[in-house]
Amino acid sequence: MKKIFSIFLLFVLSFHLFGCNGGNKKLTIFIWGQAHERAIYEKIIEKFTEETGIEVDPQLVNADGYAETLSAALGTPNAPDIFYANPTNIGVYANNGVILDLKPYLEAEKEAGGHDYTDFLDGVLDYYKYDTETKRRGEGDAIWAIPKDISSYPLAYNKIIIEKAVSNGRWESETKKGDWADREGGMPLPWENDPRTGEQIVYTWEEFTNACRATKFVEDGVDYFGTALIDTWAMHSWIWAAGGDWLSEDGKKVTVNTPEFIEGFTEFIDLMDNRGISQTREQMGIKPHYDRWMAGQVAFFNVGVWDVAAFESVSKDILDYGLMPTPRKDNSEDSNWYTYIGTLGYAVSAYSKFSEEAVKLALYMSLSEESYLRMTKAQTIQLPNSKTKLEEYVNDERIPPVNKKIFLDVIQNGHGKLHPTAIAYNSLWYDVFINELNRVWKVTDADESGEMSPADYCAYIQSKMQEQLDIALQDEEEGI
Numbered sequence: 004m005k006k007i008f009s010i011f012l013l014f015v016l017s018f019h020l021f022g023c024n025g026g027n028k029k030l031t032i033f034i035w036g037q038a039h040e041r042a043i044y045e046k047i048i049e050k051f052t053e054e055t056g057i058e059v060d061p062q063l064v065n066a067d068g069y070a071e072t073l074s075a076a077l078g079t080p081n082a083p084d085i086f087y088a089n090p091t092n093i094g095v096y097a098n099n100g101v102i103l104d105l106k107p108y109l110e111a112e113k114e115a116g117g118h119d120y121t122d123f124l125d126g127v128l129d130y131y132k133y134d135t136e137t138k139r140r141g142e143g144d145a146i147w148a149i150p151k152d153i154s155s156y157p158l159a160y161n162k163i164i165i166e167k168a169v170s171n172g173r174w175e176s177e178t179k180k181g182d183w184a185d186r187e188g189g190m191p192l193p194w195e196n197d198p199r200t201g202e203q204i205v206y207t208w209e210e211f212t213n214a215c216r217a218t219k220f221v222e223d224g225v226d227y228f229g230t231a232l233i234d235t236w237a238m239h240s241w242i243w244a245a246g247g248d249w250l251s252e253d254g255k256k257v258t259v260n261t262p263e264f265i266e267g268f269t270e271f272i273d274l275m276d277n278r279g280i281s282q283t284r285e286q287m288g289i290k291p292h293y294d295r296w297m298a299g300q301v302a303f304f305n306v307g308v309w310d311v312a313a314f315e316s317v318s319k320d321i322l323d324y325g326l327m328p329t330p331r332k333d334n335s336e337d338s339n340w341y342t343y344i345g346t347l348g349y350a351v352s353a354y355s356k357f358s359e360e361a362v363k364l365a366l367y368m369s370l371s372e373e374s375y376l377r378m379t380k381a382q383t384i385q386l387p388n389s390k391t392k393l394e395e396y397v398n399d400e401r402i403p404p405v406n407k408k409i410f411l412d413v414i415q416n417g418h419g420k421l422h423p424t425a426i427a428y429n430s431l432w433y434d435v436f437i438n439e440l441n442r443v444w445k446v447t448d449a450d451e452s453g454e455m456s457p458a459d460y461c462a463y464i465q466s467k468m469q470e471q472l473d474i475a476l477q478d479e480e481e482g483i
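Using the working numbering, the first residue of the sequence shown is number 4, and each one after it goes up by one.
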């Protein structure tokens, strides 16, 4: 009874939010964002109306409850004209006929001299393609959403801590090893070029561990930590660097119980739990990883484009950060570094009476000069969506961080992969892995290891993940 009442309340809320498009001559856009983002969206929408004369009813909310409210309205005349979609749910939306194929509208807008959808960064539109006949992602002619943004998740370093490690001698003593045994000062610093390639250094797993050991020390009563990575966001880089992956190429088999996956997963767990370079359980209870980084006490941390504004708000005397690649397994010729790509898009309701206008607004939010100035140049909330803006973005020293090109290297130069939550019909199969991940971590500082080794955990969890993936595949086949 409570569930039925909750659904009824959501329906009522969606009706009041979006009304009935039949009597509403305004285009409705329903999107979420943080308070400062919503203020920017409103300014962009106001400029759109000023330039086009198209009136818009912006429903700008925070993320809490967004999905539930949207779900109650989807597939009904009360659905907003424009709303968020991502590479995971476009398959469900397309199969259920609740969103429009935008390709004809995009072509028409281009031919009319409007924003050119082929100007999006190479490959980004493919994340919003889905063939409803073959059930293949990234294939077919249909485009089910217009990219709002795309981001990547490389590493960041705090220059202040690393320079302290250089001054106190720890950098040289911990990194003057292996290929750098004969190099004065030890291993190149993360912002320096590799003398062998002339490009920014990419550490191996071993070298990254040494860098973290060099930056784990106490000075003037302050604890400094080599790294404090968050597993659900960072571990993928180590798994991919080892040659592992979550699913088979055809997307039908879970592949966590493979030597490559286990090797990368084990290396990440050991790095964070067994080498004395990160926080203890007691220290994490006092101050979580992110807070330690923001307090200037962590040398290496992950960063997404969405983090830049927050990082920039911290004094450079505390957090003087820059970007660097995630580590690769070793220096062999086929060894490479990877991190994940995240993207969100604007979909248009199949019930919209203003589909042409909706596409115009979505393109304006993504590709217009106004959007670039407010979202990228002024606030650094997202990367430029337009290929024509890339050179300006990279060369504009006023846009932080200084080596921001790494964000784009991930997307354009083969170092990025979609997050596992975005590679199947739903993410429930992946959630199974995450939900029991505490089994591999130490519970207390006195523990020698977690309840399970990474290898044992992969063997234990694979069949459970496969069960959920099989359900998702069946749902996809039936178009549920």
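No residue lacks a Cβ here, since even glycine has one placed at the ideal position from N, Cα and C.
- Looking only at K151, I164, V95, G116, the smallest Cα-Cα distance to T135 is reached by V95.
- As for any beta strand (DSSP E) of minimum length 3 sitting wholly inside the segment 371-452, the runs are 419-421, ordered along the chain.
- The alpha carbon of Y367 has as its nearest neighbour, out of P387, A381, Q382, the alpha carbon of P387.
- Q62 carries a strand assignment under DSSP once its states are collapsed to helix, strand and coil.
- Here Q282 carries a coil assignment [DSSP, helix/strand/coil].
- Setting aside the 5 residues that flank it on each side, L73 is surrounded in the same chain by F33, F86, each with a C-beta closer than 7 Å to its C-beta; the list follows chain order.
- Here DSSP, grouped into helix, strand and coil, assigns P150 to strand.
- Where A168 is concerned, the enclosing alpha helix (DSSP H) starts and stops at 162-170.
- Less than 8 Å divides the Cβ of W243 from the Cβ of Y341.
- Segment contact: the segment 204-215 against the segment 324-334, three or more CB-CB distances shorter than 8 Å; contact assigned.
- Here the segment 137-153 lies against the segment 345-356, with 3 or more beta-carbon pairs under 8 Å apart.
- Within the same chain, Y227 come within 8 Å of V221 by CB-CB distance, once the 5 residues on both sides are set aside.
- Shown here for P403: same chain residues with a beta carbon closer than 7 Å to its own, the five before and five after excluded, namely V311, E315, T383 in chain order.
- If you draw a straight line from the Cα of L250 to the Cα of V257, it is about 5 Å long.
- In the DSSP assignment, I242 is bridged to no other residue.
- Around the CB of V308, 16 or more other CB atoms lie within 10 Å, so the residue is classed as buried.
- When the Cα atoms are used, W194 and Y160 turn out to be separated by approximately 9 Å.
- By the criterion of at least three beta-carbon pairs nearer than 8 Å, the segment 45-55 is in contact with the segment 354-370.
- Bounds of any alpha helix (DSSP H) do not take in N339, whose DSSP letter is neither H nor E.
- For T200, the number of other beta carbons within 10 angstroms of its own is below 16, and it is reported as exposed.
- Rounded to the nearest whole angstrom, the C-alpha separation of M378 and E451 is 47 Å.
- DSSP, reduced to helix, strand and coil, places D129 within a helical segment of the structure shown.
- Shown here, N98 sits in a helix according to DSSP, grouped into three states.
- The beta carbons of M190 and A214 sit closer together than 8 Å.
- Secondary structure note for G267: its alpha helix (DSSP H) is the uninterrupted segment 262-276.
- Secondary structure note for F220: its beta strand (DSSP E) is the uninterrupted segment 220-222.
- In this structure, the straight-line span from the alpha carbon of I289 to that of R216 is close to 22 Å.
- From the listed residues S281, E209, K162, the smallest Cα separation to D320 is found for K162.
- In the three-state DSSP reduction, S74 falls in the helix class (H, G or I).
- The segment 231-240 makes contact with the segment 259-278; the number of CB pairs closer than 8 Å reaches 3 or more.
- Under the three-state reduction of DSSP output, R41 falls in the helix class.
- In this structure, F303 is the residue among A458, G117, F303, V435 with its C-alpha nearest to the C-alpha of I165.
- DSSP places M468 in the helix class (H, G or I) of the three-state scheme.
- In this structure, W241 lies near E270, with their beta-carbon atoms less than 8 Å apart.
- Put simply, of W35, T230, S335 the residue whose alpha carbon is nearest the alpha carbon of G279 is T230.
- Excluding its 5 nearest sequence neighbours in each direction, I93 has C-beta neighbours in its own chain below 8 Å: I102, Y131, Y133, W147, A148, G348, A350, listed in chain order.
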